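Asks: Protein chains in written order, with our numbering: chain A, 1 to 300; chain B, 1001 to 1300; chain C, 2001 to 2300; chain D, 3001 to 3300. One structure is given below, represented as structure tokens, and several questions about it will come after.
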């Protein structure tokens, strides 16, 4: 079901929770229908925005099972399997395959930072054993390592790796990735940070894994299409709107503020619970009020 | 079985492996007898040196079960339960308790870096549910967060937290930790980096979790005792020897070189296998020969 | 002579040297004529690419004097006055004014990293005493501090600050700078890294301080104009060429490789000497040969 | 007048100012007499604590001239000549020699971070031209580079380099420096951070450049002597006092809080002005009151 290359907007789905280890199945259903109604081109489960690494293995399995059931193959489903343990990444990939997911997404092991040759060997060991196509995920702020351009170039020759998602926010390097993969039109290069979706697509990237698309899927689909069509006046207009939406993301402190802001806004919109997995907690009242204010300004 | 405070040398045991996901039980037994014969005061399973976060949950359980069986309560056993997921840390702690381990050791969740207040809340949520006393583990190079002095001071008031292991290598902050905990003689403050064991103990620390004690347990026990007794000429003599031993640790590249060096030397000494868990591989021949050279120089 | 806002390509001129403390005046003349012939819109002296902070005060004065003499007001001249000492920055600004330069460029003091409020107070103290309009320069890799969006917003209200040059390479933040300055059409926002020139201009930036324009001024002028005109096919074609040119910049090691590569290529093209100021040295033969190869491939 | 190796407590003198660019000569005299009365073994002018890099060249010259006049060769005088420009470092060294200073202190050029081989070549170029013995200064938080152990080992063979001051705070590396220089009893290894003075001396270091000795010179001289004599009960008692004194250093925000705290306390003790060089300002009333409180608690 996966196109080659995969293109478009693939939101990293937040994981609605009733309690730290209990899935909000109703919320999940509403959320999935909300983003699909916005026209997104795929869904990414258990990513950073989905708090994947914070969830128990049991809950990760449940997220995959329930989400694939709800999605009913309307769009491709990608599943994050990043783990500090090789064997656990493999185990989760097998579960994803058994639920008919379409691909897995893998960041480097995130406890020990591997050197680039070590990382490449690790990918050579793991990829042949994966039951699904794999997208490599560059997330240096969490994994402590940058996937270097030469490492990507070599990794792309391992059968089974279908694409690359770059969440480093380093736009110079993203251009290098694009340049070095020019002869591989089947290989998908996706942008992480939503603020850079438009330029990534303008310069040849295939789409984005935009966290804000949980909230405003249509905005990101429109932005993707305008960029793809090089409709620059439209791109600028949508980009300006996007930078207003972003005010939702910086209302708390610490790394967690983005996910807290998105979940809080989804809760205010009546879509799902805002419970966070440990080590985080939902916004308390003062931040919640600020989210409500920004939301009403944005939606006016 | 735990003393208050826990004192002495507690090696972070390497995990002997026959294959990436298969325990070297014979090697484990020889290794444990080797370090116990050296007079160590406790053992720490599944730490960073033990490649804990790289092992599957199944293998982690086996390590705990086999190690506690072999140790037969001759020394206290501490078990690393650090994980990116709260529920998985809890699950491993329960297994450790069922095997009659004496304590657990917990670093902050290592995917998302929590802010200090978030970390404190996390500890307040987790600690009461743990079936064993917990030692807090500061390991910023892996977890991306420093446990701050004020956070330790507050965490120490949570019932169930019995001590602190600082692997930051920041000696100024270690002194601050010692100063702020002066009124808590029951609370154990342990040094991670073995190069700083002596001064940590001289200035009031309770001992160290010295990786090199896998290889040369007696050296570290002697150093600990000399430091405890403020026998400075002896401390300096042993410290000089330790800095020769350290040449074993820098023979490869990348973060992994320390563990690779220790496992390779243990293998050369006939104690256990040198197989590494992914994403790492054992030293190849060139590095192995250098390890042999340093080893023979050190043991002469 | 300065337009408001200043727009276009303003190369940060390399400083041709005969010896560590001796200007290559002939080389300087050829270099200036070379870049002016390429159609650039201004010149920036004593920036990072110009090794400004490595030069003696005497030599800095000479660079300004000779350059302004050669340029003869054909384009606006900006002069870097960044220094760890307030008084020395001021002294250099006064010399620049006496030579009829058009503006000065100032990065935060680069020994002590100031906090944002400290930086703002420093700007409030310094700017009124400057005899020329000032452009603020964000260069975190050298100064250790990021100029934050809110600091720029406040600094822009200090009379005398005419623009901002962002060399952080952080494109997300660059968009934030653009958004927050939308109501100040007179205030110039310039991009440092040449790889991001095109998208900076596409999204509303005013131009770039592109180091590669020392070598290929026409390429950057063309790229700027294509981006300004939203001529995307042309932008992509020129961008691809630019990424071939960039191969000149990574042929050595360390931070210095960019400047060494540019000076070596200028020397091979017969424009000026490749002597570097301390603590650097010109490329030796092996790197020089690689530069020659890339150059001939690029110019074919 | 310099002993080989230089030993003891050498305070990095703060620079008393009446205005941003005006020396407080009376304050300087009182300060020098205050620290000399405390028994210090040398004085270090224009270091980080002396805000050396923030001062104009003119003011730096005046500081050297007035200080050497006041000191009258009662103790050795070291002068910081760190600069981003080779020629300016040299120029300042020549002034220091003309004032009969005893040595210069040099950190790596602090704008461009040199690679280790570049740094070594720079030292090979500069040192023979210096008119005074040079102490190499490791200050990575400001210069962005760590002087590596192997670089120090090679630098120590350049005639004219007489010692090393390590302000990295990395105690593991300090031990490595001590080990690698064991066969050079004439070469002085000094500790920067005062919190580590005692252990540095216990393990073979020659003394320390302790900022707090501006305020409490006798405390640091006593601590140095107790450590040198391996009088551990005395060391611990003084160390505890030192950690109370340190509360003066963290009362503001940002990197500048240490110097602001010391200058404020000196002002409260009636010794000198607390004016700071740009980009900093003296503590305002709220912080000043906190300094007064800590001071009275410490001096009780």
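Just so it is clear, CB atoms sit at the ideal spot from N, CA and C, and this is done for glycine as well. Everything numeric in this text was worked out from a predicted model, so none of it was measured.
1) Kindly list the residues whose CB is nearer than 8 angstroms to the CB of residue 3238/D, restricted to its own chain and excluding five residues on each side of it in sequence; keep chain order.
2) Counting only the same chain and skipping the five closest in sequence on each side, list residues whose C-beta sits under 8 angstroms from that of residue 1023/B.
3) Can you tell me where the alpha helix (DSSP H) with residue 3189/D in it begins and where it stops?
4) Identify the residues that DSSP records as bridge partners of residue 12/A: which are they?
5) Using alpha carbons as the reference points, say which of 29/A, 160/A and 194/A lies closest to residue 2173/C.
6) Can you list the residues of chain B that residue 3243/D reaches, using a CB-CB cut of under 8 angstroms?
7) For residue 3148/D, which residues from the same chain have a beta carbon less than 7 angstroms from its beta carbon, with the 5 sequence-adjacent residues on both sides left out?
8) For residue 2172/C, return the contacting residues in chain A, with the cut-off set at a CB-CB distance below 7 angstroms.
9) Residues in the same chain with beta-carbon distance under 7 angstroms from residue 3075/D, minus the five sequence neighbours each way, listed in chain order, please.
10) Just verifying my parser: in three-state terms, what is the DSSP assignment at residue 2138/C?
11) When you check each C-beta in the segment 1115-1131 of chain B against every C-beta of chain A, which residues fall closer than 8 angstroms?
12) Which same chain residues end up closer than 6 angstroms to residue 247/A when comparing Cβ atoms and leaving out the 5 residues on each side of it in sequence?
13) Using only the alpha-carbon positions, how far apart do residue 28/A and residue 73/A sit?
14) State the Cα-Cα distance for the pair residue 1121/B and residue 1038/B, rounded to the nearest angstrom.
15) Is DSSP giving residue 3165/D helix, strand or coil here?
16) Residues of the segment 3221-3245 of chain D in Cβ contact with chain F at a cutoff of 8 angstroms, in chain order, please.
17) In whole angstroms, what separates the C-alpha of residue 3192/D from that of residue 3165/D?
18) Report yes or no: is there a C-beta of chain C within less than 7 angstroms of the C-beta of residue 3107/D?
19) To which residues of the same chain is residue 244/A closer than 6 angstroms at the C-beta, ignoring the five residues directly before and after it?
20) If you reduce the DSSP assignment to three classes, tell me which class residue 1170/B lands in.
21) Give me the residue from 3105/D, 3069/D, 3242/D and 3141/D with the minimum Cα distance to residue 3080/D.
22) Quick one: measure Cβ to Cβ for residue 1103/B and residue 1135/B, integer angstroms, because I've assumed they're closer than 8 angstroms.
23) Would you say residue 1199/B reaches chain D, if we count a Cβ-Cβ gap shorter than 7 angstroms as a contact?
24) Taking the Cβ atom as the reference point for each residue, do residue 214/A and residue 168/A lie within a distance shorter than 7 angstroms?
25) Residue 1207/B by DSSP, collapsed to three states: which one?
26) Any beta carbon of chain A sitting closer than 7 angstroms to that of residue 1111/B?
27) Checking the sheet assignment: what are the DSSP bridge partners for residue 1022/B?
28) Going by beta carbon distance, what residues of the same chain come within less than 8 angstroms of residue 1124/B, once the five residues before and after it are set aside?
29) Since residue 2202/C meets chain A, which of its residues come closer than 8 angstroms, beta carbon to beta carbon?
30) Compare the C-alpha of residue 8/A against each of 189/A, 231/A and 279/A and name the closest.
31) Under 8 angstroms, CB to CB, which of the residues in the segment 286-297 of chain A have a partner in chain B?
32) Quick check on DSSP: helix, strand or coil for residue 1311/B?
33) For residue 55/A, which residues in chain B fall below 7 angstroms Cβ to Cβ?
34) Could you tell me the alpha carbon to alpha carbon distance between residue 98/A and residue 68/A, rounded to whole angstroms?
35) Mind reading off the beta-carbon distance from residue 2126/C to residue 2089/C? Whole number of angstroms is fine, and I expect it under 8 angstroms.
36) If you reduce the DSSP assignment to three classes, tell me which class residue 2055/C lands in.
Replies: Result, derived from the coordinates:
1) So the list reads 3198, 3219, 3222, 3223 and 3226, once near-sequence residues are dropped.
2) Cβ within range, chain order: 1015, 1016, 1017, 1059, 1062, 1063 and 1066.
3) From DSSP, residue 3189/D is part of no alpha helix (DSSP H) but of the beta strand (DSSP E) over 3188-3191.
4) Answer by DSSP bridge pairing, in chain order: 44/A.
5) The residue from 29/A, 160/A and 194/A with its alpha-carbon nearest to that of residue 2173/C is 194/A.
6) By Cβ distance, chain B contributes 1175, 1176 and 1179.
7) Excluding sequence neighbours, residue 3148/D sits near 3116.
8) Ordered by position in chain A, the residues that pass the 7 angstroms Cβ test against residue 2172/C are 169, 193, 195 and 196.
9) Excluding sequence neighbours, residue 3075/D sits near 3036, 3040, 3041, 3042 and 3043.
10) Three-state DSSP puts residue 2138/C in a strand.
11) If the cut-off is 8 angstroms between Cβ atoms, the segment 1115-1131 of chain B has 1115, 1118, 1119, 1121, 1122, 1125 and 1126 near chain A.
12) Excluding residues within five positions, the ones whose Cβ falls inside 6 angstroms are 294.
13) Cα to Cα, the separation comes out at about 16 angstroms.
14) The straight-line gap from Cα to Cα measures roughly 40 angstroms.
15) Strand.
16) The structure shown contains no chain F; the protein chains it does contain are A, B, C and D.
17) Pairing residue 3192/D with residue 3165/D, the inter-Cα distance amounts to about 6 angstroms.
18) So, not an interface residue.
19) Counting only Cβ-Cβ distances below 6 angstroms, and skipping sequence neighbours, we find 298.
20) DSSP places residue 1170/B within a strand segment (E or B) once states are collapsed to three.
21) With distances taken between Cα atoms, residue 3080/D lies closest to 3105/D.
22) A Cβ-Cβ distance of about 6 angstroms is found for the pair residue 1103/B and residue 1135/B, placing them in contact under the 8 angstroms criterion.
23) So yes, residue 1199/B belongs to the interface.
24) Residue 214/A places its beta carbon 7 angstroms or farther from that of residue 168/A.
25) Strand at residue 1207/B.
26) With 7 angstroms as the cut-off, residue 1111/B counts as an interface residue toward chain A.
27) Note: residue 1022/B sits in a beta bridge opposite 1019/B.
28) For residue 1124/B, where only same-chain residues beyond five positions count, the Cβ hits under 8 angstroms are 1158.
29) Chain A residues near residue 2202/C: 199, 202 and 232.
30) Out of 189/A, 231/A and 279/A, 189/A has the C-alpha closest to the C-alpha of residue 8/A.
31) Those residues of the segment 286-297 of chain A that come within reach of chain B (Cβ to Cβ, closer than 8 angstroms) do not exist; the list is empty.
32) Coverage of chain B is limited to positions 1001 through 1300, which leaves residue 1311/B absent and any answer about it impossible.
33) At a C-beta separation below 7 angstroms, residue 55/A has these neighbours in chain B: 1085.
34) For residue 98/A and residue 68/A, the distance between alpha carbons rounds to 10 angstroms.
35) With 8 angstroms as the limit, residue 2126/C and residue 2089/C qualify as a contact, their Cβ atoms being about 7 angstroms apart.
36) Residue 2055/C falls in the coil class under three-state DSSP.
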